[in-house]
Amino acid sequence: MMIGDGIEDEEKWLAEGIAGIQQNAFYLHRAMDSNNLREALKYSAQLLSELRTSRLPPHKYYVLYMRAFDELRKLELFFKDEDRHGCSIVDLYELVQHAGNVLPRLYLLCTVGSVYIKSKEAPAKDILKDLVEMCRAVQHPIRGLFLRSYLAQISRDKLPDIGSEYEREGDTVMDAVDFVLQNFIEMNKLWVRMQHQGPARIEEKPEKERSELRDLVGKNLHVLSQIEGVDLEIYRETVLPRVLEQVVNCKEVLAQHYLMDCIIQVFPDEYHLQTLEILLSACPQLQPAVDIKTVLSRLMDRLSNYAASSPEVLPEFLQVEAFAKLSSAIWKVAEAQVDMPIVGAVSLYVSLLTFTLRVHPDRLDYVDQVLGACVKKLSGKPKLNDSKATKQIVALLSAPLEKYSDIVTALTLSNYPRVMDHLDAGTNKIMSKIIIENIMKRDTCVSTADKVEVLFELIKGLIKDFDGSSTNELDDEDFKEEQNSVARLVHIEGDTVMDAVDFVLQNFIEMNKLWVRMQHQGPARIEEKLEKERSELRDLVGKNLHVLSQIEGVDLEIYRETVLPRVLEQVVNCKEVLAQHYLMDCIIQVFPDEYHLQTLEILLSACPQLQPAVDIKTVLSRLMDRLSNYAASSPEVLPEFLQVEAFAKLSSAIWKVAEAQVDMPIVGAVSLYVSLLTFTLRVHPDRLDYVDQVLGACVKKLSGKPKLNDSKATKQIVALLSAPLEKYTDIVTALTLSNYPRVMDHLDAGTNKIMAKIIIENIMKRDTCVSTADKVEVLFELIKGLIKDFDGSSTNELDDEDFKEEQNSVARLVHMLYNDDSDEMLKIICTLRKHILVGGPKRLPYTVPPLVFSALKLIRQLQGQDVVEIPSTPEDIFQLLNQIIEALSAVPSPELALRLYLQCAEAANDCDLEPVAYEFFTQAFVLYEEEVADSKAQVTAIHLIIGTLQRMNVFGVENRDTLTHKATGYSAKLLKKPDQCRAVYACSHLFWVDDQDGIRDGERVLLCLKRSLRIANAAQQMANVTRGSSGPVTLFVEILNKYLYFFEKGNPQITTAAIQGLIELIKTEMQNDNTTANPAYDAFFASTLRYIQFQKQKGGVMGEKFGPIKGVILGLDG
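For the sequence shown, UniProt numbering gives the first residue as 1, with consecutive numbering after it.
So this is what it looks like as structure tokens:
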């Protein structure tokens, strides 16, 4: 009666709450329609006050909440339209915080906060942090859970996630993660607290109410799983540990079970696999009453389905040792929960076995391990008579029978009969009949006495009285059926495949003995003839092995247990080189690859026992080639290679062979490691540790020996070192192999250079960028044969063209070393400097320029960056450059050093560093004065100096005057008059620069041009004296063009009269009988006159300027 009254009261309270919401909603809509913000806030607060009730159970409170939620959606749209209410979102966010009651205030604050985030006027992370903190003000469990649920609902599409429109500079995905986790933790605390709420409630009622609310808490985990930026690293390091910490610390059964299940269901399978240890570590810490077997079973089901989804993920299960971790976790749970019933423990092992058979069906050791763990749990306990427990044991024992195609596999499991021993007589018989039915159904042949012994031990409940029980207890029909099934089992055994195998093996053994005996037959025969005859007959012996491989019944088990051991016994015992080599090769060629893989240890164990003269490297190489091709045939077989530890076994076998055959030449040992490395790169390309292990084994073999000078051995070493370069997409991978440089150290100087060039070609071909100083250090250690003299060898031994090509390749390599991070790039440059500057005088002219340009590129990268943010300033790098170029100028290579000084001066100009730029010009002038002696080189150098100086805009008046004075002075001192003339008129550009208003000194321009004209006159006179003719007038025409250039630019000192006079001078010189005629120079002058005529005809200002110049048409006619 009291319960009925309570329900009626709840219905009445709910109706009152809904009525209150509807009434206030009416006034709220009217206020929004009239754009009255104050009234809208008033009625929305009154509407939300209905949610302050404590009298409703969760499912009825939810109804009330949804009514309020619908109104809040409309209110949010009103808040969003600032034109309607006339209040900025920032002011509105402050305004709603004045609501009287805390619950309405927080609902309004969350609603305005949603609009605030959308407006992007403040960072989303700051608003969300504010809201999640303020929601702590509501500590009533139901009210608090629904309030935080509302917060989660309105914020889920506004989190500062990667790629989200609300992500700002400086925001990270961790801001979104921290917000959701904090909300989850607070909601879980409220949810757990419900069990202690209300002293008058009976226990079942709060449990039911809490179950109704659990999805509100779990929804946070779902939101976490949907955040784009939550990658495996963040999940492993932050999300999972913090969620599990909350799960363990809440110490409440319902919460722990639900949340563990929720974690398993919402996050991706690959995350569970990679964080298995962390997830499982929480299981033993849960409350004993938690149904942990259901949790673990669901986890294993998900992982099993993940493994079944794609064969490509199977290697991941082996790499993370999933089976071992699950097995250990189950054992720890069983240890922690001492009161766990047997049926619970066994059901856990059933789930683990199901997982094992689906993920690792070929790992019988895992299956046997699960059965063994179950035996350990059952030991010391009486025979099971709990029907649920025995049903689980039957499921455990039936699983291998259903998975594998025959009973023979189950017979190899040592713990299978030990589990059956814990069944009572009745269940034991049921299990025995299941075994026999499986054999009959699949027509399985049990073909060895040992396996028959094991089989009949398993079904002993049907063939003898069990633990004192009597056959009289059985119904006659049942008994007859049981014994008939045993009889049918016995009749399955007849002629077996072993008869055929024994026949072929016997024939093979006898034929091999006869074949081997031939070498001792006939004393008069010469050895070569005997060997030839035996080679002709070898296929007769090998045909027996081919026949064995074609027998249908020779499965892997028979091959492993009988065929291979007996064949290898014959091979080893015959102790004859030709027979051993041929038969080992024959075994590898005729039997299936999967058989070789599964019996690798047996096959390889024979190798060290062969005669030293057997070409074992060819045998092993062919075996590894076959296994490599098998791996390449299908990705599905790759897990098998990991499971049988193929690499470890092959590596060990090669080491044993090398130890056994002490006289094996180096080339033979290295070729074995080349084959092993080729196998590794094809089968385990992602296992760099394996690759490094092979190289390390090769180093060990070579240690203590002098540098290799055997061409065959060095060729094999080059093949060994080239293999990783060809396999991996970039050289960076090879740089992580610690033994790679150690192998290179065993090469002589010439081969070391060849290998260095191969490395550089690989980098160029694949456009690889080496981006850290550490890797650059390793790289330059590898190619040191190209960058410095190697072991006392000299560069003079090399052909000039070869040397140039080598150094150019190093120079190209320097440009491939780059990092966007300026700090790291500076480290790279310092590393390069250390290696390049020891290269010697002949190499530096090739290798220093790219180093200088890399440093200049870094300087440009640093331009515009805040000095506080960068570890090194451009000034530091310019100091480094000065030291580098000084080394080059000391080689000596002064012309190149001068060019580089000028490049640095230009870069300093761009950085607005006047003292630095002046210093570089000073160094250039010093080089010009002291080192540049060749007259042609001087001409080139002075024009470079003038051209660079003309582009400089960083110098003050005093410094620029000093440098221009030097440049004009050196120009006038050149050896040849024409060179002097051209250099001096080039200097005129130093006093008139278009883009710099401050440098327009017309008088000094005119002075330069007049001086060049005097020098041209002197040149003409000198030519007249020495050669009897005046020479060409080209210098005058060139000077005329300079006059025209500055005339157009508006230099007031250049007048039409001066131009007119120069034209007349040229015409006079051309008409002089002593002047040497030259059509090219005549055409040059004619072209200049046409240009003047063109400018005159243009009209406008320019036409007026050029108008006074006379005699242009006449000149053309002439």
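Virtual Cβ for every residue (Gly too), placed ideally from N, Cα, C. All of these numbers come straight from a predicted model, not from anything done at the bench.
When the beta-carbon positions are compared, residue 620 and residue 587 stay at least 9 Å from each other.
Between residue 446 and residue 419, the gap from beta carbon to beta carbon reaches 9 Å or more. Taking 8 Å as the upper bound for CB-CB distance, residue 1092 and residue 1060 are not in contact here, some 10 Å apart. Going by DSSP, residue 878 is part of the alpha helix (DSSP H) stretching over 874-889. Under the DSSP assignment, residue 360 falls outside any alpha helix (DSSP H); it carries neither an H nor an E label.
In the three-state reduction of the DSSP assignment, residue 770 falls in the strand class.
Taking 9 Å as the cut-off, the beta carbon of residue 349 is found closer than this to the beta carbon of residue 373.
For residue 460, the enclosing alpha helix (DSSP H) starts and ends at 460-463.
The C-alpha of residue 554 lies about 8 Å from the C-alpha of residue 501.
The beta carbon of residue 68 lies closer than 8 Å to those of 21, 47, 48, 50, 51, 107 in the same chain, with the five residues before and after it left out. The beta-carbon separation of residue 434 and residue 398, rounded to 6 Å, stays under the 8 Å limit for a contact. The Cβ atoms of residue 820 and residue 879 do not sit closer than 9 Å to each other. The continuous stretches of alpha helix (DSSP H) do not include residue 1051, and DSSP gives it neither H nor E. The DSSP-derived three-state label of residue 1000 is strand. By the criterion of a C-beta distance shorter than 7 Å, residue 716 is surrounded in its chain by 667, 670, 671, 674, once the five residues flanking it on both sides are discounted. Taking a cut-off of 8 Å for Cβ pairs, the stretch 162-179 and the stretch 94-111 do not touch, as fewer than three such pairs fall below it. Secondary structure of residue 423 (DSSP, three-state): strand.
Beta-bridge analysis with DSSP links residue 992 to 1000. Sequence-distant partners of residue 456 (beyond 5 residues in either direction) whose C-beta falls short of 8 Å from its own C-beta, in its chain, are 463.
Given a length threshold of 3 residues, the stretch 577-657 has no whole run of the beta strand (DSSP E) inside it. Proximity to residue 281 across 243, 267, 302, 268 peaks at 243, based on C-alpha coordinates. Between the alpha carbons of residue 291 and residue 331 lies a gap of roughly 15 Å. In the three-state reduction of the DSSP assignment, residue 747 falls in the strand class, which pools E and B. Between residue 237 and residue 635, the gap from beta carbon to beta carbon reaches 9 Å or more. Between the C-alpha atoms of residue 710 and residue 882 there is a straight-line separation of about 45 Å. Per DSSP, residue 238 lies in no alpha helix (DSSP H) segment and is marked neither H nor E. Assignment of residue 975 by DSSP, reduced to helix, strand and coil, places it in the coil class. If you ignore the 5 residues before and after residue 97, its C-beta comes within less than 8 Å of the C-beta of 105, 109, all in its own chain and listed in chain order. About 7 Å separates the Cβ atoms of residue 630 and residue 597, confirming a contact at the 8 Å cut-off. In the structure shown, residue 817 falls within a strand segment according to DSSP collapsed to helix, strand and coil. DSSP, reduced to helix, strand and coil, places residue 337 outside both helices and strands of the structure shown, so it counts as coil. Check the Cα spacing between residue 566 and each of 732, 506, 582, 579: the tightest is with 506.
Between residue 939 and residue 929, the alpha-carbon positions lie close to 13 Å from each other. With a cutoff of 9 Å on beta-carbon distance, residue 35 and residue 84 are scored as near each other. Assigned with DSSP and collapsed to three states, residue 894 falls in helix.
Contact holds between the stretch 979-998 and the stretch 1043-1056, because three or more Cβ pairs, one in each stretch, are under 8 Å apart.
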